[in-house]
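Colleague:
2 protein chains.
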Amino acid sequence: MKKTALIMAGGRGERFWPRSRRNLPKQFLSLTDDGKTMIQLTVERILPIVDLEDIYIATNKDYRNLVKEQLPGLPDENILCEPVGRNTAPCIGLGAVHISRKYEDAVMYVLPSDHLIKFNNMFLTVLKDAAEVAEKGDNLVTIGITPDYPETGYGYIKFRPDVMEGRSYEVERFVEKPNLEVAKEYLATEQYLWNSGMFTWKISSILDRIRTLMPDTYAGLRKIRDAIGTPEEDSVLEKEFFAMESQSVDYGIMEKAQHIYTIPGAFGWDDVGSWLAVGRIKKTNEAGNVVDGNVITVNTHDCIVQGQKKLIAAVGLENMIIVDTEDATLICAKDSAGDIKKVLENLKICHRDEYI
Amino acid sequence: MKKTALIMAGGRGERFWPRSRRNLPKQFLSLTDDGKTMIQLTVERILPIVDLEDIYIATNKDYRNLVKEQLPGLPDENILCEPVGRNTAPCIGLGAVHISRKYEDAVMYVLPSDHLIKFNNMFLTVLKDAAEVAEKGDNLVTIGITPDYPETGYGYIKFRPDVMEGRSYEVERFVEKPNLEVAKEYLATEQYLWNSGMFTWKISSILDRIRTLMPDTYAGLRKIRDAIGTPEEDSVLEKEFFAMESQSVDYGIMEKAQHIYTIPGAFGWDDVGSWLAVGRIKKTNEAGNVVDGNVITVNTHDCIVQGQKKLIAAVGLENMIIVDTEDATLICAKDSAGDIKKVLENLKICHRDEYI
Chain A
50 MKKTALIMAG
60 GRGERFWPRS
70 RRNLPKQFLS
80 LTDDGKTMIQ
90 LTVERILPIV
100 DLEDIYIATN
110 KDYRNLVKEQ
120 LPGLPDENIL
130 CEPVGRNTAP
140 CIGLGAVHIS
150 RKYEDAVMYV
160 LPSDHLIKFN
170 NMFLTVLKDA
180 AEVAEKGDNL
190 VTIGITPDYP
200 ETGYGYIKFR
210 PDVMEGRSYE
220 VERFVEKPNL
230 EVAKEYLATE
240 QYLWNSGMFT
250 WKISSILDRI
260 RTLMPDTYAG
270 LRKIRDAIGT
280 PEEDSVLEKE
290 FFAMESQSVD
300 YGIMEKAQHI
310 YTIPGAFGWD
320 DVGSWLAVGR
330 IKKTNEAGNV
340 VDGNVITVNT
350 HDCIVQGQKK
360 LIAAVGLENM
370 IIVDTEDATL
380 ICAKDSAGDI
390 KKVLENLKIC
400 HRDEYI
Chain B
50 MKKTALIMAG
60 GRGERFWPRS
70 RRNLPKQFLS
80 LTDDGKTMIQ
90 LTVERILPIV
100 DLEDIYIATN
110 KDYRNLVKEQ
120 LPGLPDENIL
130 CEPVGRNTAP
140 CIGLGAVHIS
150 RKYEDAVMYV
160 LPSDHLIKFN
170 NMFLTVLKDA
180 AEVAEKGDNL
190 VTIGITPDYP
200 ETGYGYIKFR
210 PDVMEGRSYE
220 VERFVEKPNL
230 EVAKEYLATE
240 QYLWNSGMFT
250 WKISSILDRI
260 RTLMPDTYAG
270 LRKIRDAIGT
280 PEEDSVLEKE
290 FFAMESQSVD
300 YGIMEKAQHI
310 YTIPGAFGWD
320 DVGSWLAVGR
330 IKKTNEAGNV
340 VDGNVITVNT
350 HDCIVQGQKK
360 LIAAVGLENM
370 IIVDTEDATL
380 ICAKDSAGDI
390 KKVLENLKIC
400 HRDEYI
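So the protein lines, in turn, are chains A and B.
So the first sequence is numbered by our numbering: it starts at 50 and just counts up by one.
So the second sequence is numbered by our numbering: it starts at 50 and just counts up by one.
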């Protein structure tokens with residue numbers, strides 16, 4: 050069966066401020082040594098198994114031009130612009146109705162645009178295995194990540210080790226982000242995977258589930274589908290999308306549906322959740338620093354220093370994140386990376402939109 | 050007797066990098082909340098007891114224009130440009146020969162241009178007391194600072210508590226920077242003062258000492274004096290100054306001469322030796338931060354953040370120095386302030402003169 054992909058690129062993440070901005074979110078940034086942006090890497094990664102004309106990008110209309118610039122070979126009509134963010138269920142539904150007009154049925158991979166994967170071949174093998182499971186009946190397959198440590202920032206998937214379908218396991222339930230103690234228990238049972246937010250299913254399977262489990266959303270998607278290619282396409286999309294309930298596919302579909310499978314992956318996945326990830330992703334020098342740009346370090350260790358043209362001199366520092374941009378410089382202790390959002394809150398309160 | 054002053058402003062200090070540069074050293078920077086530069090404050094401070102036309106600035110010729118800009122009322126001929134730095138003895142000699150052409154004799158205050166004084170009235174009282182001692186015979190008076198703590202970065206003056214002249218004590222000897230243990234002993238004896246590098250003497254007294262203790266320097270100064278106002282003034286100054294031995298007045302004169310007195314001062318003296326001084330000088334907010342410019346702090350304590358136009362966001366920091374300028378930003382742990390010079394060494398080695 051034909052393989053297609055929907056790459057979700059509508060996020061407005063704030064955790065890479067000041068490099069990421071409202072008009073340049075994380076998926077459009079280069080955070081790796083190869084200079085490619087996150088979304089470019091995401092597309093490149095799946096090209097061996099999905100043709101470029103079958104890759105769809107769901108994004109906010111503000112980012113249409115960024116997508117066009119960064120993915121110049123992508124057909125224009127494959128850029129799906131959400132008039133407003135309504136979480137993943139409507140986004141995936143929009144992708145599915147577009148693909149359903151092109152193919153009677155197809156396998157649909159759903160992938161975030163801002164994760165990194167170290168072992169690409171292993172990742173592709175998992176995607177192929179997932180497609181095999183998805184092609185049977187109306188199975189919905191979520192890709193689970195074999196956990197390395199008791200992370201408390203992710204949701205988990207509990208699977209039934211004794212109920213397999215191909216290389217996947219039946220999902221018993223999805224669980225919210227646990228506390229550390231619970232996360233440790235999960236790890237010990239060996240029956241939990243991290244929920245990566247990557248999915249594989251047939252277009253028919255997912256649309257059928259939206260119809261039965263989210264009937265209002267489905268009705269809206271039908272109207273959008275009927276309007277595609279007509280003069281009313283934009284206005285119908287706008288009207289119906291605004292009216293839709295904001296809902297994640299996890300909560301709206303996966304937690305309620307039958308025939309949910311998970312396939313464990315151990316392909317060096319990283320959700321690149323904060324500047325700390327850059328310390329894992331990029332080359333580290335002998336002093337433990339990750340340094341880019343015009344930077345001098347003196348007696349400085351285990352720091353992330355992302356300079357540009359301006360000279361950054363770091364003296365006697367440890368475990369710091371320094372990020373310089375044209376109009377703003379962040380200096381942040383590594384263990385305070387979660388507080389970067391407070392800078393943005395402050396900027397919002399003060400209406401200093403030029404920095405957001 | 051007429052009171053005159055020589056303000057020494059030839060220093061090229063590197064400890065306020067990146068704000069201070071080779072073409073804008075510390076004495077021309079504003080480091081206080083009032084916005085005035087160090088040299089402006091130094092001149093303003095003594096105006097109640099020395100007329101502006103009797104204040105001379107000794108500086109490097111590269112800084113002539115900076116002096117003119119920052120001290121617009123000062124007569125042009127009061128800016129004495131050293132062709133090359135030859136330490137304090139030739140500098141003071143140059144000032145003395147200029148003043149000796151204007152007055153048959155006069156009291157000469159010698160002051161660094163880059164120190165701060167908190168209690169100005171007390172300082173002026175000390176200067177007046179020092180002048181009284183200096184006017185008698187050929188006494189040379191150095192202003193000592195009553196030490197607050199066992200500083201190891203200053204030289205000390207040992208005085209004879211039982212040999213007074215007016216409000217000053219006879220100096221027994223000058224001692225080099227001590228180690229901590231020795232500095233503690235000095236403090237305990239109550240017979241040691243910090244050597245501030247501020248002096249009071251008559252023109253006749255200092256020139257006579259140069260003549261007897263530094264005869265070669267004196268010979269050069271005589272030639273310079275004779276050429277003042279002639280077409281050869283600049284060429285003679287250049288030739289003689291280059292030929293002079295580089296020598297401090299402490300070593301060349303004070304440690305060898307008779308009739309040396311010190312007058313203790315406790316007027317809130319600060320030599321503003323590094324960025325740490327800014328934490329003492331400027332207003333500190335509730336979080337213990339000294340903040341200027343376009344700065345947002347989140348959970349940040351006891352930091353010095355000197356921003357300008359660019360937004361500086363400091364998150365989760367403690368005891369840090371952050372200094373932003375047009376083309377360079379310093380981020381330095383407070384206890385590594387002494388390592389800022391290593392940044393400059395690095396820049397010199399790499400011939401990156403634009404940053405020096």
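We put the CB at the ideal spot given by N, CA and C, even for glycine.
Note that the structure is a prediction, hence the values are computed from the model and not measured.
1) Quick check: the Cα distance between A:Y310 and A:R61, rounded to an integer number of angstroms?
2) Please identify the residue among B:R113, B:V347, B:T378, B:E335 whose C-alpha is closest to the C-alpha of B:Q355.
3) From the beta carbon of A:A363, is the nearest beta carbon of chain B less than 8 Å away?
4) Looking at the unbroken alpha helix (DSSP H) that takes in A:Q119, where does it start and where does it end?
5) Quick check on A:N338: buried or exposed, where buried means 16 or more other Cβ atoms within 10 Å of its Cβ?
6) Taking Cβ-Cβ distances below 8 Å as the criterion, which residues of the segment 370-385 of chain B are in contact with chain A?
7) Have a look at A:C399 and B:V347 and give me their C-alpha separation to the nearest angstrom.
8) Using a C-beta to C-beta distance shorter than 8 Å, which residues of chain B count as neighbours of A:V392?
9) Can we say the segment 157-164 of chain B touches the segment 277-287 of chain B, given the rule of at least three CB pairs closer than 8 Å?
10) Could you pull out every unbroken beta strand (DSSP E) segment of at least 3 residues lying fully inside the segment 338-368 of chain B, listed in chain order?
11) Scan the segment 217-267 of chain B and note each continuous alpha helix (DSSP H) run of 4 residues or more that stays entirely inside, going in chain order.
12) So for A:Y300, helix, strand or coil by DSSP?
13) I'd like to check one pair, A:I371 with A:I361: are the Cβ atoms closer than 8 Å?
14) For A:L393, tell me which candidate among A:R68, A:K52, A:I98 has the shortest Cα-Cα distance.
15) With a threshold of 8 Å between beta-carbons, can B:D187 be considered close to chain A, or not?
16) Establish whether the CB of A:K359 and some CB of chain B are separated by less than 8 Å.
17) What runs of the beta strand (DSSP E), each 3 residues or longer, lie entirely inside the segment 82-136 of chain A?
18) Which class does B:V321 belong to by DSSP, given the choice of helix, strand or coil?
19) DSSP on B:I371, reduced to helix/strand/coil?
20) Just tell me which of A:L90, A:A107, A:M213 has its CA closest to the CA of A:K167.
21) Just the chain B side, please: which residues come within less than 7 Å of A:I389 by C-beta, in chain order?
22) Measure how close the beta-carbons of B:I106 and B:N72 come, nearest whole angstrom, since I'm counting them as under 8 Å.
23) Assign A:P139 to one of three DSSP states: helix, strand, or coil.
24) Kindly indicate the opening and closing residues of the alpha helix (DSSP H) around A:K207.
25) Interface residues of chain A around B:Y404 at Cβ under 8 Å?
26) For A:N395, go through chain B and note every residue whose CB falls closer than 8 Å to its CB, in chain order.
27) For B:V156, list the residues DSSP reports as bridge partners.
28) The beta strand (DSSP E) with B:A183 in it runs from where to where?
29) Using CA atoms only, rank isn't needed, just tell me which of A:F316, A:L270, A:A382 is closest to A:W324.
30) B:I88 and B:Q119: beta carbons closer than 8 Å?
31) Going by the CB atoms, is the gap between A:K185 and A:D103 shorter than 8 Å?
32) What residue range is occupied by the uninterrupted alpha helix (DSSP H) comprising A:A292?
33) Identify, in the order they occur along the chain, each residue of the same chain with its Cβ nearer than 7 Å to the Cβ of B:C140, setting aside the five sequence neighbours on each side.
34) For B:G122, which residues of its own chain have a beta-carbon under 6 Å away from its beta-carbon, when the five flanking residues on both sides are left out?
35) How big is the Cα-Cα spacing for B:W318 and B:D82?
36) Relative to the C-alpha of B:I405, which residue among B:R64, B:E304, B:A54, B:D351 is closest?
Modeller: Reading from the atomic positions:
1) Counting from one through the first sequence, the residue named residue 310 of chain A turns up at place 261. Counting from one through the first sequence, the residue named residue 61 of chain A turns up at place 12. Between A:Y310 and A:R61, the C-alpha separation is close to 30 Å.
2) As a first step, residue 355 of chain B is located in the second sequence; it is residue number 306 there, counting from the start. For B:Q355, the closest of B:R113, B:V347, B:T378, B:E335 by C-alpha to C-alpha distance is B:T378.
3) As a working note, residue 363 of chain A is residue 314 in the first sequence. Interface residue, yes.
4) Looking up residue 119 of chain A in the first sequence gives position 70. Per DSSP, A:Q119 belongs to the alpha helix (DSSP H) from 113-119.
5) Reading the first sequence from its first residue, position 289 is the one you call residue 338 of chain A. Under a 10 Å Cβ-count criterion, A:N338 is classified as buried, with 16 or more other Cβ atoms of the shown protein chains found around its own Cβ.
6) Of all residues in the segment 370-385 of chain B, I371, D373, D376, A377, T378, L379, I380, C381, A382, D384, S385 have a Cβ within less than 8 Å of some Cβ in chain A.
7) Within the first sequence, the letter at position 350 stands for residue 399 of chain A. Within the second sequence, the letter at position 298 stands for residue 347 of chain B. Taking the CA atoms as reference points, A:C399 sits about 15 Å from B:V347.
8) To locate residue 392 of chain A, count along the first sequence from 1; it is residue 343. Neighbours of A:V392 across chain B, judged by C-beta separation under 8 Å: I345, V347, A362, V364.
9) A contact is defined here as three or more CB-CB pairs under 8 Å, and the segment 157-164 of chain B fails this definition with respect to the segment 277-287 of chain B.
10) List check, beta strand (DSSP E) in window: 339-341, 344-347, 353-355, 360-364.
11) Listed in chain order, they are 229-238, 252-262.
12) Residue numbering aside, residue 300 of chain A sits at position 251 when the first sequence is read from its first letter. Residue state, collapsed to three classes: helix.
13) Counting from 1 along the first sequence, the entry for residue 361 of chain A is found at position 312. Counting from 1 along the first sequence, the entry for residue 371 of chain A is found at position 322. Going by C-beta atoms, A:I361 is nearer than 8 Å to A:I371.
14) What you label residue 393 of chain A is simply residue 344 of the first sequence in a count that begins at 1. Considering only A:R68, A:K52, A:I98, the residue with the shortest C-alpha distance to A:L393 is A:R68.
15) Indexing the second sequence from 1 puts residue 187 of chain B at position 138. Not closer than 8 Å to any Cβ of chain A, the Cβ of B:D187 fails to qualify, so no.
16) Along the first sequence, one-based indexing puts residue 359 of chain A at 310. Nearest CB-CB separation between A:K359 and chain B: below the 8 Å threshold.
17) The qualifying runs are 104-109, 128-131.
18) Locating residue 321 of chain B in the second sequence gives position 272, counting from the first residue. DSSP places B:V321 in the coil class of the three-state scheme, outside both helix and strand.
19) Locating residue 371 of chain B in the second sequence gives position 322, counting from the first residue. Of the three classes helix, strand and coil, the one that applies to B:I371 here is strand, per DSSP.
20) Locating residue 167 of chain A in the first sequence gives position 118, counting from the first residue. In terms of Cα proximity to A:K167, the closest of A:L90, A:A107, A:M213 is A:L90.
21) As a first step, residue 389 of chain A must be located in the first sequence, where it is residue number 340. Per Cβ cutoff of 7 Å: V364.
22) Counting from one through the second sequence, the residue named residue 106 of chain B turns up at place 57. Counting from one through the second sequence, the residue named residue 72 of chain B turns up at place 23. Their Cβ separation, rounded to whole angstroms, is 17 Å, which puts B:I106 and B:N72 out of contact at 8 Å.
23) Your numbering for residue 139 of chain A matches position 90 in the first sequence. Three-state result, A:P139: helix.
24) Mapped onto the first sequence, residue 207 of chain A falls at position 158. Segment 205-214 is the beta strand (DSSP E) holding A:K207; no alpha helix (DSSP H) there.
25) On the second sequence, position 355 is the one that residue 404 of chain B refers to. When 8 Å is used as the limit between beta carbons, B:Y404 is near these residues of chain A: L360, in chain order.
26) In the first sequence, residue 395 of chain A corresponds to position 346, counting from 1. What A:N395 touches in chain B: I345, V347.
27) Here residue 156 of chain B is taken as the residue at index 107 of the second sequence, counted from 1. DSSP lists B:K52, B:K251 as partners of B:V156.
28) Position 134 of the second sequence holds residue 183 of chain B. Not the beta strand (DSSP E): B:A183 falls in the alpha helix (DSSP H), residues 169-184.
29) Indexing the first sequence from 1 puts residue 324 of chain A at position 275. The shortest CA-to-CA distance from A:W324 to any of A:F316, A:L270, A:A382 is the one to A:A382.
30) On the second sequence, residue 88 of chain B is found 39 positions in, with the first residue counted as 1. On the second sequence, residue 119 of chain B is found 70 positions in, with the first residue counted as 1. A contact, by the Cβ cut-off of 8 Å.
31) As a first step, residue 103 of chain A is located in the first sequence; it is residue number 54 there, counting from the start. As a first step, residue 185 of chain A is located in the first sequence; it is residue number 136 there, counting from the start. Contact annotation: A:D103 and A:K185 have beta-carbon atoms that are not nearer than 8 Å.
32) To locate residue 292 of chain A, count along the first sequence from 1; it is residue 243. For A:A292, the enclosing alpha helix (DSSP H) has its first and last residue at 282-292.
33) As a first step, residue 140 of chain B is located in the second sequence; it is residue number 91 there, counting from the start. For B:C140, where only same-chain residues beyond five positions count, the Cβ hits under 7 Å are M57, G59, A107, E131.
34) In the second sequence, residue 122 of chain B corresponds to position 73, counting from 1. Excluding the 5 residues flanking it on each side, B:G122 has same chain C-beta neighbours closer than 6 Å at L101, in chain order.
35) Along the second sequence, one-based indexing puts residue 318 of chain B at 269. Along the second sequence, one-based indexing puts residue 82 of chain B at 33. In a straight line, the C-alpha of B:W318 is about 17 Å away from that of B:D82.
36) Indexing the second sequence from 1 puts residue 405 of chain B at position 356. Selected option, being the one with the closest Cα: B:R64.
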